[in-house]
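This report refers to the structure that appears directly beneath it.
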Amino acid sequence: MTEYDSLGGLISRLGEGIERFDERFARQLAKALHEQAEHFSLPVVDELGLEDIIVTFHMDQRMQLVVTGRLPGGVGDVSIRWREEEFPLIAARLEAEPRKDPYIIATLDFSVRGAQAVLKNAVMPLAAGTKVRIRALATIGERVEYRVESSGVNVSATPDDLEVAA
354 MTEYDSLGGL ISRLGEGIER FDERFARQLA KALHEQAEHF SLPVVDELGL EDIIVTFHMD
414 QRMQLVVTGR LPGGVGDVSI RWREEEFPLI AARLEAEPRK DPYIIATLDF SVRGAQAVLK
474 NAVMPLAAGT KVRIRALATI GERVEYRVES SGVNVSATPD DLEVAA
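Sequence positions in the sequence shown follow my numbering and run 354 to 519.
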């Protein structure tokens, strides 16, 4: 059985009983959709015939959904961006049959932007003890990592790799 809804409706259903739809909720939502990625689809995205699709809940003062995929034939990428107030207008489906190429569902949270931290462990090419500036917190399923920068070098670091300044 295929279940149809809007993205806004799906989010409301998954968030039933939650008081505040904040960054934590967005990460829980993305994790739940990632776990159901074989069954989750956005028909408007599927109609484009994109490959290697990444669906990202992008949090930078306001929630946006950013979908990126590669054009058929492997030449060029396409990105689509919707603001939170448009979520009720985006059709979403939960399919009974698994998708051949499920989406990757992620979050990119900029609410931590600018925080200072020190690397507890080396993250190549940066050495342990290097002071870094956090750019964003990213998740894909259970995987959580910070995007950090030091002297123009950008790397991904796990929470265990960082000591965030208070």
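All residues carry an ideal CB built from backbone N, CA and C; glycine is no exception.
Per-residue burial, residue i [other beta carbons within 10 Å of its own, 16 or more giving buried]
| i | result |
| --- | --- |
| Met412 | buried |
| Gly370 | exposed |
| Arg380 | buried |
| Ser432 | exposed |
| Gly422 | buried |
| Leu403 | buried |
| Leu472 | buried |
| Leu490 | buried |
Between the CA atoms of residue j and residue i - distance to the nearest angstrom
| i | j | result |
| --- | --- | --- |
| Asp405 | Ile457 | 8 Å |
| Met416 | Thr492 | 15 Å |
| Gly368 | Glu388 | 16 Å |
| Asn474 | Ser359 | 43 Å |
| Ala480 | Ser503 | 11 Å |
| Asp454 | Ala385 | 17 Å |
| Ser464 | Leu363 | 24 Å |
| Val428 | Ile407 | 16 Å |
| Gly505 | Arg377 | 29 Å |
| Leu382 | Arg466 | 21 Å |
| Pro425 | Arg434 | 20 Å |
| Glu438 | Glu372 | 18 Å |
| Ser365 | Ala444 | 14 Å |
Cross-strand partners of residue i (DSSP beta bridge)
| i | result |
| --- | --- |
| Ser359 | Ala444 |
| Val420 | Val408 and Ile433 |
| Val517 | Ala470 |
| Glu415 | Glu is not the amino acid found at residue 415; the sequence shown has Arg there. Note: Arg415 sits in a beta bridge opposite Asp413. |
| Phe374 | Per DSSP, none; premise fails for Phe374. |
Cβ-based neighbour list, residue i, same chain, cut-off 6 Å, excluding 5 preceding and 5 following
| i | result |
| --- | --- |
| Thr409 | Val419, Ala459 and Leu461 |
| Gly361 | Phe440 and Pro441 |
| Pro498 | The amino acid at residue 498 is misidentified as Pro; the sequence shows Glu. Once the five neighbours on either side are set aside, the close Cβ partners of Glu498 are Ala491, Ser509 and Thr511. |
Same chain, Cβ closer than 7 Å to residue i, neighbours up to 5 away in sequence not counted
| i | result |
| --- | --- |
| Ala318 | Any answer about residue 318 is impossible in this case: the structure gives the chain only from 354 up to 519. |
| Val476 | Val508, Ala510 and Asp514 |
| Gly482 | Val471 and Leu472 |
| Phe374 | Gly368 |
CB contact below 7 Å: residue i versus chain C
| i | result |
| --- | --- |
| Ala468 | Note that chain C does not occur in the displayed structure, where there is just one protein chain. |
Neighbourhood of residue i by C-beta distance below 8 Å, restricted to the same chain and skipping five residues each side
| i | result |
| --- | --- |
| Trp495 | Correcting the residue type first, residue 495 is Glu in the shown sequence and not Trp. Counting only Cβ-Cβ distances below 8 Å, and skipping sequence neighbours, we find Lys384. |
| Arg446 | Thr355, Glu356, Tyr357, Asp358, Phe393, Ser394, Leu395 and Pro396 |
| Ala390 | Arg452, Pro455, Tyr456, Ile457 and Ile458 |
Segments assigned alpha helix (DSSP H), at least 4 residues, entirely inside the segment 433-511: none
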